[in-house]
Amino acid sequence: MLKGRRTPAALASSGDRRPSRRDFLGALAAGATILGGSEAIAAPPSLAAKPPAGFVPMSIPGKVVKVSKGNTLQANGLWPVDSAAKAMLERAMTELTGLSDMGAAFGKFVHKDDKVAIKPNGIAGKQGATMATNKELVLEIVKGVMAAGVPATNITIFEQYPSFMAGTRIATKALVLDPSFPAGITVVVHENKDATMPEIKVAGVMTRFVRPFTEATAVINVGLIKDHSICGYTGCLKNITHGSSINPQAFHEHRASPQIAELYAQEVVKSRVRLHIIDGFKLIYDEGPLDTNKKRRVPHEAVYATTDPVAMDVLGWGVVDQYRKDNGLPTLKDADREPTYIRIAGELGLGIYDKNRIRLREVAL
Numbered sequence: 011m012l013k014g015r016r017t018p019a020a021l022a023s024s025g026d027r028r029p030s031r032r033d034f035l036g037a038l039a040a041g042a043t044i045l046g047g048s049e050a051i052a053a054p055p056s057l058a059a060k061p062p063a064g065f066v067p068m069s070i071p072g073k074v075v076k077v078s079k080g081n082t083l084q085a086n087g088l089w090p091v092d093s094a095a096k097a098m099l100e101r102a103m104t105e106l107t108g109l110s111d112m113g114a115a116f117g118k119f120v121h122k123d124d125k126v127a128i129k130p131n132g133i134a135g136k137q138g139a140t141m142a143t144n145k146e147l148v149l150e151i152v153k154g155v156m157a158a159g160v161p162a163t164n165i166t167i168f169e170q171y172p173s174f175m176a177g178t179r180i181a182t183k184a185l186v187l188d189p190s191f192p193a194g195i196t197v198v199v200h201e202n203k204d205a206t207m208p209e210i211k212v213a214g215v216m217t218r219f220v221r222p223f224t225e226a227t228a229v230i231n232v233g234l235i236k237d238h239s240i241c242g243y244t245g246c247l248k249n250i251t252h253g254s255s256i257n258p259q260a261f262h263e264h265r266a267s268p269q270i271a272e273l274y275a276q277e278v279v280k281s282r283v284r285l286h287i288i289d290g291f292k293l294i295y296d297e298g299p300l301d302t303n304k305k306r307r308v309p310h311e312a313v314y315a316t317t318d319p320v321a322m323d324v325l326g327w328g329v330v331d332q333y334r335k336d337n338g339l340p341t342l343k344d345a346d347r348e349p350t351y352i353r354i355a356g357e358l359g360l361g362i363y364d365k366n367r368i369r370l371r372e373v374a375l
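Numbering of the sequence shown is given in this note's numbering, commencing with residue 11 and proceeding in unit increments.
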């Protein structure tokens with residue numbers, strides 16, 4: 011990932027103040043070992059995940075693959091057919107890694123000794139499963155992870171609430187896994203309270219990330235492309251930050267910017283998330299993130315793959331804006347909902363924000 015720092019202008023625009031001497035000393039005491047004569051105050055243990063020994067996950071800043079295909083949806087116009095999900099994911103992973111074998115391709119991101127967590131997005135599907143990460147795509151991801159050598163017992167699929175999980179059709183509200191999935195897969199919901207890590211302060215707010223996330227050594231993010239009434243756009247970054255923490259509602263002020271960027275910049279997060287696969291079979295271009303107006307939900311019939319959440323969110327934001335223009339609506343910026351957190355994420359070194367440096371590989375099947 012690129013290294014970067016937020017500029018003074020960016021800090022000022024987000025309402026941050028410069029740290030005082032007290033702030034600096036407090037951070038020093040909390041984050042480093044301070045020696046005083048013969049005494050030492052030990053730093054707290056790192057919250058970063060470490061890949062298995064000798065394994066270096068693939069990272070390709072700025073590269074995004076988009077695979078499109080026509081006639082991918084079932085008769086209800088909501089869910090992809092199994093064969094389309096399989097073919098599109100396989101091609102996306104091949105284009106991303108250069109490897110046609112799915113075990114080898116997923117093996118660029120997960121090791122057989124990893125504990126893998128998969129985070130779908132089901133909030134807009136909680137009533138009728140009309141707009142959520144689709145089980146057909148997640149199933150193929152699970153198969154790819156297992157082909158890389160990860161046993162089913164080391165794979166967890168997690169969501170916030172039972173209704174969100176049911177919206178994906180991966181499991182019922184009672185967390186009964188769909189029978190199409192291999193035995194041994196764990197499904198769990200955290201309900202914004204299942205956390206064991208120490209509290210950390212982010213953007214002035216104390217928070218924790220949830221246990222299914224922090225117990226994983228590798229996370230695969232399977233988000234959507236959606237308009238968001240608060241932050242403008244939700245895709246890669248927000249699905250992790252607000253879908254894996256105990257108090258997401260505390261990070262919504264001023265369009266959730268810079269909070270989304272600063273949450274994702276935490277070592278506990280950026281050390282775990284290795285791959286982003288976007289379920290673009292449908293998208294919501296207005297009145298999101300819930301699926302409250304079916305006229306604003308449209309087929310898109312695409313699957314995206316990347317290691318760069320910033321680049322993907324830049325592109326997804328552009329897709330939403332184009333649909334808005336095509337339907338007589340103002341852009342997100344003109345609607346006073348510009349997702350500025352994406353730019354700040356780029357400044358924090360979390361990925362590529364500059365469109366001229368984003369390399370989109372488009373394939374039509």
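Every residue gets a Cβ at the ideal spot worked out from N, C-alpha and C, and that includes glycine. Keep in mind that this is a model prediction, so the values were computed, not measured.
- Taking the C-beta atoms as reference points, residue 99 is found nearer than 8 Å to residue 313.
- Cβ neighbours of residue 162 within its own chain (closer than 7 Å, five residues either side excluded): 156, 192, 193, 194 and 195.
- Sixteen is the threshold: when 16 or more other Cβ atoms of the shown chains lie within 10 Å of the Cβ of residue 283, as they do, the residue is buried.
- With a contact defined as Cβ atoms closer than 8 Å, residue 291 and residue 310 qualify at about 7 Å.
- The C-alpha of residue 331 lies about 14 Å from the C-alpha of residue 241.
- Here residue 208 is exposed. Its C-beta has fewer than 16 other C-beta atoms within 10 Å.
- For the set 153, 340, 344 and 365, the Cα lying nearest the Cα of residue 352 is the one of 365.
- The stretch 64-101 contains, as complete beta strand (DSSP E) runs of 3+ residues, the segments 73-78 (chain order).
- As the crow flies, the alpha-carbon of residue 302 is around 24 Å from that of residue 257.
- For residue 347, the closest C-alpha among the options 154, 304, 133 and 298 is that of 298.
- For residue 289, the enclosing beta strand (DSSP E) stretches over residues 283-294.
- Residue pairing from DSSP places residue 371 in a beta bridge opposite 75.
- Around the C-beta of residue 80, fewer than 16 other C-beta atoms lie within 10 Å, and the residue is accordingly described as exposed.
- Rounded to the nearest whole angstrom, the C-alpha separation of residue 185 and residue 127 is 16 Å.
- Taking residue 306 as the centre and dropping the five residues before and after it, the same chain places the C-beta of 294, 295, 296 and 297 closer than 7 Å to its C-beta, in chain order.
- Under the DSSP assignment, residue 221 falls in the alpha helix (DSSP H) whose first and last residues are 221-224.
- Counted as a single uninterrupted DSSP element, the alpha helix (DSSP H) harbouring residue 116 occupies residues 112-116.
- Between residue 58 and residue 77, the beta carbon gap of about 32 Å keeps them out of contact (Cβ cut-off 8 Å).
- Under the 8 Å Cβ criterion, the stretch 213-226 counts as touching the stretch 122-139, having at least three qualifying pairs.
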